[in-house]
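**Student:** Numbering (the working numbering), first residue to last: 115 to 530.
Using N, Cα and C, we set each Cβ at its ideal position, and we do this for glycine too.
One structure is given below, represented as structure tokens, and several questions about it will come after.
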Amino acid sequence: MILLASHSSFAFQAQELPQKLSQASLGMLTGYWQCEFPVSHSPNRTHSWYLALSRKRIIFSGTQPLAKQALLEVFQRYVPRLRSDDAKRIISNLQQPSILEQQETHPFLLLNLLNELHRLHLITYQEMEQALRLKILSDFDKYLFDHPGQAEFLPSPQLRMQIPMARFEIENLLSEAIKRQACWKKLKEQIPSMDSSFVLTMKAVESQDLTVEQKQRLEFLVSSGKTLSDIAFALAQDELEIAKVFAKLISNGLVKLQALSAVPEIFVIDDSPILLKQLESLMTGWGYVVRTFGHPAGAMQRMFSSNPAAIFIDINMPSISGFDLVKQIRRRPELASVPLIMLTAEKTLSNNWRARWSGCHFLTKPLTVNEVPSFQLELRKLLLELVKFQKQNQFVSSSNDSSKDSFEESCCWGTV
115 MILLASHSSF
125 AFQAQELPQK
135 LSQASLGMLT
145 GYWQCEFPVS
155 HSPNRTHSWY
165 LALSRKRIIF
175 SGTQPLAKQA
185 LLEVFQRYVP
195 RLRSDDAKRI
205 ISNLQQPSIL
215 EQQETHPFLL
225 LNLLNELHRL
235 HLITYQEMEQ
245 ALRLKILSDF
255 DKYLFDHPGQ
265 AEFLPSPQLR
275 MQIPMARFEI
285 ENLLSEAIKR
295 QACWKKLKEQ
305 IPSMDSSFVL
315 TMKAVESQDL
325 TVEQKQRLEF
335 LVSSGKTLSD
345 IAFALAQDEL
355 EIAKVFAKLI
365 SNGLVKLQAL
375 SAVPEIFVID
385 DSPILLKQLE
395 SLMTGWGYVV
405 RTFGHPAGAM
415 QRMFSSNPAA
425 IFIDINMPSI
435 SGFDLVKQIR
445 RRPELASVPL
455 IMLTAEKTLS
465 NNWRARWSGC
475 HFLTKPLTVN
485 EVPSFQLELR
495 KLLLELVKFQ
505 KQNQFVSSSN
515 DSSKDSFEES
525 CCWGTV
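See the structure below:
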């Protein structure tokens, strides 16, 4: 006897789905929870996710109901030897049209396929179970917490006969998913997205006691702009475990995240709100993303989770001198190669010398309206020299009248 869910359909808000799934999945359920999520910017479209249960235990998760091809893709994702040419050829032979038709219509034939893969030593039952478990948890990471939607239970009695080797208690997986969510939140500052890519910090790599093989492996993993998702797939590993590994590499200064956007991110640190506003207006008009900070502490915290293309620092700040801030930044291996530009109203030789000694560039704030054009020209020159766009496009004309006017209205920065 196949019991229906105590509530065959329900709506949910973000963060509500775990509890509602648990409450609604009472009884010996066999079938699918079909969850529909609205698609951003397309209000009339939805995205479907299916959670397959057999007698209240989870056996599969995916964007479509359980089918042979979807199952094989899960196994290939987490069992890399199934990606070999020999394995692909064997699997292809098992998918001849006549066999394919039978497998898609008869519930026992999917089980027969799994048994055949095991008999041919392509995959063990334990590997099948582990792959399905990781796929379910990965889908929980994606769907379970962050989105509102609508869920409906679809009975499917044949699921009881299709994957007997992998049946997971729903409460156990939901509990693990909540723990994983807490891990993801902790990693967020360093790993903003699994679509992030990154580059090696060569100075830090060379200073570490790594073998040649370890260095080559690191270089291979970060080559060609691979994202963290790409790396997790290549290594057939859980994305959360890969994120933990690379968060540690970032903390050790061995790698730094590459911004996904083609638009460079510029940091400006100064205690003058006027300067921050005007620099943001000017550089945004040139196509950059500008982050402004009135306090160095906030800027430092953000730097560790970002990848600024350049950092502008005021020399004379009340809480900490610009030069002391430079020393703090340079102590962080992941920030060691970021260009630093010192801002000041002073033109003394001492400050010029100290800026050069710190490996910084030097830019004097305009004191009068007449100095604004030369300041803009020097600023633009520095940005073009130090900060490279990944794509050509963003710059507007350097004679941005509105930006120039706003500078001239508040050009007395030499007093701050």
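Residue 246: which of 144, 165, 332 sits nearest, CA to CA?
**Tutor:** By 1-based counting over the sequence shown, the position of residue 246 is 132. Per the Cα distances, 165.
**Student:** Quick one: residues in its chain with C-beta nearer than 6 Å to the C-beta of residue 259, no 5 flanking neighbours on either side, listed in chain order?
**Tutor:** Locating residue 259 in the sequence shown gives position 145, where the first residue counts as 1. Correct list, in chain order: 129, 295.
**Student:** Which of the three DSSP states is assigned to residue 410 in this structure?
**Tutor:** Position 296 of the sequence shown holds residue 410. Residue 410 falls in the helix class under three-state DSSP.
**Student:** If you reduce the DSSP assignment to three classes, tell me which class residue 456 lands in.
**Tutor:** One-based indexing of the sequence shown puts residue 456 at position 342. The answer is strand: DSSP assigns residue 456 an E or B state.
**Student:** From which residue to which residue does the alpha helix (DSSP H) around residue 532 run?
**Tutor:** No answer is possible for residue 532: it lies beyond the span of the chain, which begins at 115 and ends at 530.
**Student:** Run the CB neighbour count on residue 583, radius 10 Å, all protein chains shown included, and call it buried at 16 or more, exposed below.
**Tutor:** Here the chain covers residues 115 to 530 and nothing more, so residue 583 does not appear.
**Student:** Inspect the CB distances between the segment 321-328 and the segment 288-302 and report whether three or more fall short of 8 Å.
**Tutor:** no
**Student:** Pull up the distance between the alpha-carbon of residue 271 and that of residue 187, whole angstroms please.
**Tutor:** The sequence position of residue 271 within the sequence shown is 157, counting from 1. The sequence position of residue 187 within the sequence shown is 73, counting from 1. Roughly 24 Å separates the two Cα atoms.
**Student:** Which class does residue 122 belong to by DSSP, given the choice of helix, strand or coil?
**Tutor:** If you number the sequence shown from 1, residue 122 lands on position 8. DSSP places residue 122 in coil when its eight states are reduced to three.
**Student:** Which value, in whole angstroms, describes the spacing of the CA atoms of residue 152 and residue 459?
**Tutor:** Locating residue 152 in the sequence shown gives position 38, counting from the first residue. Locating residue 459 in the sequence shown gives position 345, counting from the first residue. Whole-angstrom Cα-Cα distance: 53 Å.
**Student:** Give me the Cα-Cα distance between residue 316 and residue 144, rounded to the nearest whole angstrom.
**Tutor:** Numbered from 1 along the sequence shown, position 202 holds the residue referred to as residue 316. Numbered from 1 along the sequence shown, position 30 holds the residue referred to as residue 144. One C-alpha to the other measures close to 54 Å.
**Student:** Jot down the residue ranges of each uninterrupted alpha helix (DSSP H) in the segment 372-408, minimum 4 residues, whole runs only, in chain order.
**Tutor:** Segments of the alpha helix (DSSP H) lying fully in the segment 372-408: 387-399.
**Student:** Do residue 332 and residue 308 have their CB atoms nearer than 7 Å?
**Tutor:** As a working note, residue 332 is residue 218 in the sequence shown. As a working note, residue 308 is residue 194 in the sequence shown. Their beta carbons are not under 7 Å apart, which means residue 332 does not touch residue 308 by this criterion.
**Student:** Could you name the residues of the same chain whose beta carbon sits closer than 7 Å to that of residue 422, not counting the 5 residues immediately before and after it, in chain order?
**Tutor:** As a working mapping, residue 422 is identified with position 308 in the sequence shown. These residues qualify, in order along the chain: 379, 380, 381, 452.
**Student:** Taking 7 Å as the cut-off, decide whether the C-beta atoms of residue 434 and residue 456 are in contact.
**Tutor:** Along the sequence shown, one-based indexing puts residue 434 at 320. Along the sequence shown, one-based indexing puts residue 456 at 342. Contact: no.
**Student:** Using the rule of at least 16 other Cβ atoms within 10 Å of the residue's Cβ for burial, across every protein chain shown, is residue 495 buried or exposed?
**Tutor:** Locating residue 495 in the sequence shown gives position 381, where the first residue counts as 1. Counting Cβ neighbours within 10 Å, residue 495 comes out exposed, since fewer than 16 surround it.
**Student:** Should residue 177 go down as buried or exposed, given a rule of 16 or more other Cβ atoms within 10 Å for buried?
**Tutor:** Along the sequence shown, one-based indexing puts residue 177 at 63. Exposed, since its Cβ has fewer than 16 Cβ neighbours within 10 Å.
**Student:** Three or more C-beta pairs closer than 8 Å, one from the segment 440-451 and one from the segment 386-403: is that the case here?
**Tutor:** no
**Student:** To the nearest angstrom, how far is it from the Cα of residue 207 to the Cα of residue 226?
**Tutor:** Locating residue 207 in the sequence shown gives position 93, counting from the first residue. Locating residue 226 in the sequence shown gives position 112, counting from the first residue. When rounded, the distance between both Cα atoms is 14 Å.
**Student:** What's the C-alpha gap between residue 319 and residue 312?
**Tutor:** Position 205 of the sequence shown holds residue 319. Position 198 of the sequence shown holds residue 312. Approximately 14 Å between the Cα atoms of the pair.
**Student:** What are the start and end residues of each continuous alpha helix (DSSP H) run of 4 or more residues lying completely inside the segment 286-338, in chain order?
**Tutor:** 316-321, 326-336
**Student:** Out of curiosity, what's the CA-to-CA distance linking residue 501 and residue 493?
**Tutor:** Working through the sequence shown from its first residue, we reach residue 501 at position 387. Working through the sequence shown from its first residue, we reach residue 493 at position 379. Cα to Cα, the separation comes out at about 11 Å.
**Student:** Is residue 150 closer than 7 Å to residue 162 when the C-beta atoms are compared?
**Tutor:** Counting from 1 along the sequence shown, the entry for residue 162 is found at position 48. Counting from 1 along the sequence shown, the entry for residue 150 is found at position 36. A contact, by the Cβ cut-off of 7 Å.
**Student:** Taking a contact to mean a Cβ-Cβ separation below 7 Å, would you say residue 439 touches residue 410 in this structure?
**Tutor:** Locating residue 439 in the sequence shown gives position 325, where the first residue counts as 1. Locating residue 410 in the sequence shown gives position 296, where the first residue counts as 1. A contact, by the Cβ cut-off of 7 Å.
**Student:** Between which two residues does the alpha helix (DSSP H) containing residue 488 stretch?
**Tutor:** Counting from one through the sequence shown, the residue named residue 488 turns up at place 374. Its alpha helix (DSSP H) spans residues 486-500.
**Student:** Beta carbon of residue 347, beta carbon of residue 171: below 7 Å?
**Tutor:** In the sequence shown, counting from the first residue as 1, residue 347 sits at position 233. In the sequence shown, counting from the first residue as 1, residue 171 sits at position 57. Not a contact, by the Cβ cut-off of 7 Å.
**Student:** Quick check: does the Cβ of residue 272 come within less than 6 Å of any heavy atom belonging to the ligand FMN?
**Tutor:** Because no ligand of any kind appears in the structure shown, any question about the ligand FMN cannot be addressed here.
**Student:** DSSP three-state label for residue 351, please.
**Tutor:** Taking the first residue of the sequence shown as 1, we reach residue 351 at position 237. It is coil, neither helix nor strand.
**Student:** Going residue by residue through the segment 207-273, where are the continuous alpha helix (DSSP H) segments of at least 4 residues, counting only ones entirely within it?
**Tutor:** 211-219, 221-233, 239-257
**Student:** Going by the CB atoms, is the gap between residue 359 and residue 314 shorter than 7 Å?
**Tutor:** If you number the sequence shown from 1, residue 314 lands on position 200. If you number the sequence shown from 1, residue 359 lands on position 245. Cβ distance not < 7 Å, so residue 314 and residue 359 don't count as in contact.
**Student:** What are the boundary residues of the alpha helix (DSSP H) that residue 127 is part of?
**Tutor:** The residue given as residue 127 occupies position 13 in the sequence shown. That residue, residue 127, is in no alpha helix (DSSP H); it is neither H nor E in DSSP.
**Student:** Starting from residue 153, trace the beta strand (DSSP E) in both directions and tell me its first and last residue.
**Tutor:** Taking the sequence shown and counting its residues from 1, the one referred to as residue 153 is at position 39. Residue 153 -> beta strand (DSSP E) spans 144-153.
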